[in-house]
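Undergrad:
Protein chains: 2
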Amino acid sequence: MFSISQSYPTFDIQSIVIYLCISVSTSIVMEIKGTLDLKKELSDISQCPASYVVAVNDTMNILSGKWKLPIIASLRFGKRRFKELGREIPKITPRMLSKELRDLEVNGLVRRTVYNTVPVTVEYELEESGKAFDKVLEVMIEWGLKHREFTLQREKPAEF
Amino acid sequence: MFSISQSYPTFDIQSIVIYLCISVSTSIVMEIKGTLDLKKELSDISQCPASYVVAVNDTMNILSGKWKLPIIASLRFGKRRFKELGREIPKITPRMLSKELRDLEVNGLVRRTVYNTVPVTVEYELEESGKAFDKVLEVMIEWGLKHREFTLQREKPAEF
DNA sequence: CAGAATCCGGAGCGATACTG
DNA sequence: CAGTATCGCTCCGGATTCTG
Chain A
1 MFSISQSYPT FDIQSIVIYL CISVSTSIVM EIKGTLDLKK ELSDISQCPA
51 SYVVAVNDTM NILSGKWKLP IIASLRFGKR RFKELGREIP KITPRMLSKE
101 LRDLEVNGLV RRTVYNTVPV TVEYELEESG KAFDKVLEVM IEWGLKHREF
151 TLQREKPAEF
Chain B
1 MFSISQSYPT FDIQSIVIYL CISVSTSIVM EIKGTLDLKK ELSDISQCPA
51 SYVVAVNDTM NILSGKWKLP IIASLRFGKR RFKELGREIP KITPRMLSKE
101 LRDLEVNGLV RRTVYNTVPV TVEYELEESG KAFDKVLEVM IEWGLKHREF
151 TLQREKPAEF
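In structure tokens form, the structure reads like this:
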């Protein structure tokens, strides 16, 4: 629906990598997050390569944690209540479900709605960003399939 | 360069999610990996939705670990020796560098070449899959930027 | 129903020292 | 140079119990 080159003309995968080296060690990322004015950061977002680091870091935060993906996956089918999620996601405990849902909520991927019923009803659903996360999943699948295909070809050359 | 719909016509993000629920809990994935004949798996790869789970799991294995991304990032610039990587990636210890490099090697992302010099010289470089991983990074960046943009707009609506 | 509180074991990672 | 070996800690996540 929209191409990378259109939206972010200065996108250059080459330029990010050096920043990535220092990114995941969380020092610089935290610095940027903490001290920078958010509005200013937004205005620079398509120019500054450092923003790429933050972007990757953001994505990694979503990916981190054992249950984030299953939860997002489950919510893709539509609104879910706490217990429903617990049933749909095998082996997850209420503690983990609660924690991961809160993470996703503060990160703006999931919207939490409380209804004044007795007892209380709580519904979770994906925000725009949560739905857009499909794109990341798609590429992960695509790469994973390709990678497997490639690896199998290389590892069994003498079989034929 | 190639679109998902072309390469994997049966690709359906909807069908994967239910599988994803059980994927990251590693039970089914391990089952598939261990018991299935690899050749058979390869032939089914564009049909079986379970392969999506494995694919995502593969990608997650790459993403896991604090130093995998920095290492890949560093290797994108070309061949590197052990010590060079150690210098380019801040704060990484030889122990972790060694461990993560071996992980990447057995997963087929990095090729390790030993030269018969005195003392020994070892060079690391990205395999095809490693280079192709750019695509994943790109989308992560794209999503991260969009996500930030979207989140900032939502959180500061009354400012104007 | 929708969680919070507490306890606890293991994996992941760091620091340091050593080796072919 | 290119790693390995050992120790120790932190924190993620599981199990269980309790609450508004």
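Chains as they are written, first to last, in UniProt numbering: chain A, 1 to 160; chain B, 1 to 160.
Quick reminder that beta carbons are idealized off the backbone N, C-alpha and C, glycines included.
Please read all numbers here as calculations on a predicted model, not as lab measurements.
Answer with yes or no whether the minimum CB distance from residue 165 of chain A to chain B is below 8 Å.
TA: Only positions 1 to 160 of chain A appear in this structure, which leaves residue 165 of chain A out of reach.
Undergrad: Using the beta-carbon of each residue, which ones in chain B are nearer than 7 Å to A/Asp103?
TA: By 1-based counting over the first sequence, the position of residue 103 of chain A is 103. Chain B residues near A/Asp103: none, gap ~14 Å exceeds 7 Å.
Undergrad: According to DSSP, simplified to helix, strand and coil, what is B/Val24?
TA: Indexing the second sequence from 1 puts residue 24 of chain B at position 24. With a pLDDT of 41 at B/Val24, under the threshold of 50, the predicted position of this residue should be treated as unreliable, though the coordinate-derived value follows. B/Val24: coil per DSSP, three-state reduction.
Undergrad: Is it buried or exposed, A/Phe77, if we count other Cβ atoms within 10 angstroms and call 16 or more buried?
TA: By 1-based counting over the first sequence, the position of residue 77 of chain A is 77. Exposed.
Undergrad: What does the Cβ neighbour count give for B/Tyr115, buried or exposed, with the cut at 16 atoms within 10 Å?
TA: Here residue 115 of chain B is taken as the residue at index 115 of the second sequence, counted from 1. By the 10 Å Cβ count, B/Tyr115 comes out exposed.
Undergrad: Quick check: the stretch 87-98 of chain A against the stretch 97-116 of chain B, are at least 3 beta-carbon pairs closer than 8 Å?
TA: Touching, no.
Undergrad: Taking A/Glu105 as the reference, give the member of A/Arg87, A/Glu127, A/Thr93 with the closest Cα.
TA: Position 105 of the first sequence, counted from the start, is the residue given in the question as residue 105 of chain A. Taking only the C-alpha atoms, the option nearest A/Glu105 is A/Glu127.
Undergrad: Please check if any C-beta of chain B sits within less than 8 Å of the C-beta of A/Tyr124.
TA: Within the first sequence, residue 124 of chain A is the residue found at index 124, counting from 1. A/Tyr124 does not count as touching chain B.
Undergrad: Indicate whether at least one CB of chain A lies closer than 8 Å to the CB of B/Leu63.
TA: Translated into the one-based positions of the second sequence, residue 63 of chain B becomes position 63. So yes, B/Leu63 belongs to the interface.
Undergrad: Apply the 10 Å Cβ neighbour rule to A/Pro90 and answer buried if 16 or more other Cβ atoms are within range, or exposed otherwise.
TA: Residue numbering aside, residue 90 of chain A sits at position 90 when the first sequence is read from its first letter. Burial call: exposed.
Undergrad: Which runs of the beta strand (DSSP E) at least 3 residues long sit entirely within the UniProt domain "HTH hxlR-type" (48-152) of chain A? Give them in chain order.
TA: Correct list: 110-115, 121-126.
Undergrad: Please compile the residues from chain B whose C-beta is within a distance smaller than 9 Å of the C-beta of A/Ser51.
TA: In the first sequence, residue 51 of chain A corresponds to position 51, counting from 1. What A/Ser51 touches in chain B: Ile141, Gly144, Leu145, Arg148.
Undergrad: Is A/Lys131 close to chain B? Criterion is C-beta to C-beta, closer than 8 Å.
TA: Residue numbering aside, residue 131 of chain A sits at position 131 when the first sequence is read from its first letter. Closer than 8 Å: no.
Undergrad: Just confirm the distance between the C-beta atoms of A/Glu125 and A/Val110, as a whole number of angstroms; I'd bet it's less than 8 Å.
TA: Position 125 of the first sequence holds residue 125 of chain A. Position 110 of the first sequence holds residue 110 of chain A. With a Cβ gap of about 7 Å, A/Glu125 and A/Val110 count as contacting.
Undergrad: Is it buried or exposed, B/Thr59, if we count other Cβ atoms within 10 angstroms and call 16 or more buried?
TA: Your numbering for residue 59 of chain B matches position 59 in the second sequence. Under this definition B/Thr59 is a buried residue.
Undergrad: Assign A/Arg87 to one of two classes, buried (16 or more other C-beta atoms within 10 Å of its C-beta) or exposed (fewer than that).
TA: In the first sequence, counting from the first residue as 1, residue 87 of chain A sits at position 87. The residue in question, A/Arg87, is exposed, as its Cβ has fewer than 16 Cβ neighbours within 10 Å.
Undergrad: Given B/Ile92, which residues of its chain have a CB within under 7 Å of its CB, disregarding the five upstream and five downstream residues?
TA: Along the second sequence, read from residue 1 onward, the residue named residue 92 of chain B stands at position 92. Excluding sequence neighbours, B/Ile92 sits near Trp67, Gly86.
Undergrad: Determine whether the Cβ of B/Lys135 lies closer than 8 Å to any Cβ atom of chain A.
TA: The residue labelled residue 135 of chain B in the question sits at position 135 within the second sequence. Yes, B/Lys135 lies at the interface with chain A (some Cβ there is under 8 Å from its Cβ).
Undergrad: Against chain B, does A/Glu128 count as a neighbour if the rule is that its beta carbon must be under 8 Å from one of theirs?
TA: Position 128 of the first sequence, counted from the start, is the residue given in the question as residue 128 of chain A. So, interface residue.
Undergrad: If the criterion is Cβ atoms closer than 8 Å, does the pair B/Val139 and A/Val139 meet it?
TA: To locate residue 139 of chain B, count along the second sequence from 1; it is residue 139. To locate residue 139 of chain A, count along the first sequence from 1; it is residue 139. Result yes, Cβ atoms of B/Val139 and A/Val139 sit closer than 8 Å.
Undergrad: For B/Val54, return the contacting residues in chain A, with the cut-off set at a CB-CB distance below 8 Å.
TA: Working through the second sequence from its first residue, we reach residue 54 of chain B at position 54. Under the 8 Å cutoff, chain A gives Gly144, Arg148.
Undergrad: Under 8 Å, Cβ to Cβ, is there at least one residue of chain B near A/Gly78?
TA: If you number the first sequence from 1, residue 78 of chain A lands on position 78. So no, A/Gly78 is outside the interface.
Undergrad: If A/Val136 and B/Ile141 are in contact, beta carbons under 8 Å, what's the gap, nearest whole angstrom?
TA: Translated into positions along the first sequence, residue 136 of chain A becomes position 136. Translated into positions along the second sequence, residue 141 of chain B becomes position 141. 10 Å between Cβ atoms; not a contact.
Undergrad: Can you grab the Cα-Cα spacing for the pair B/Glu84 / B/Thr121, in whole Å?
TA: Counting from one through the second sequence, the residue named residue 84 of chain B turns up at place 84. Counting from one through the second sequence, the residue named residue 121 of chain B turns up at place 121. C-alpha separation (whole angstroms): 11 Å.
Undergrad: Spatial neighbours of A/Asn107 within its chain, please: CB distance less than 7 Å, with the 5 preceding and 5 following residues excluded, ordered by chain position.
TA: Reading the first sequence from its first residue, position 107 is the one you call residue 107 of chain A. Contacts found: Asn61, Ile62.
Undergrad: Round the Cβ separation of B/Phe133 and A/Trp143 to the nearest angstrom and send it over; I've been treating them as touching at under 8 Å.
TA: Residue mapping note: residue 133 of chain B aligns to position 133 of the second sequence, counting from 1. Residue mapping note: residue 143 of chain A aligns to position 143 of the first sequence, counting from 1. At roughly 6 Å, the Cβ-Cβ gap stays under 8 Å, so B/Phe133 and A/Trp143 are in contact.
Undergrad: Look at the Cβ atom of B/Leu69, then the Cβ atom of B/Gly130, and state whether they are nearer than 8 Å.
TA: On the second sequence, residue 69 of chain B is found 69 positions in, with the first residue counted as 1. On the second sequence, residue 130 of chain B is found 130 positions in, with the first residue counted as 1. In this structure, B/Gly130 does not lie closer than 8 Å to B/Leu69 by Cβ.
Undergrad: B/Lys79 to A/Gly65, Cα distance in whole Å?
TA: To locate residue 79 of chain B, count along the second sequence from 1; it is residue 79. To locate residue 65 of chain A, count along the first sequence from 1; it is residue 65. Straight-line Cα distance between these residues: approximately 32 Å.
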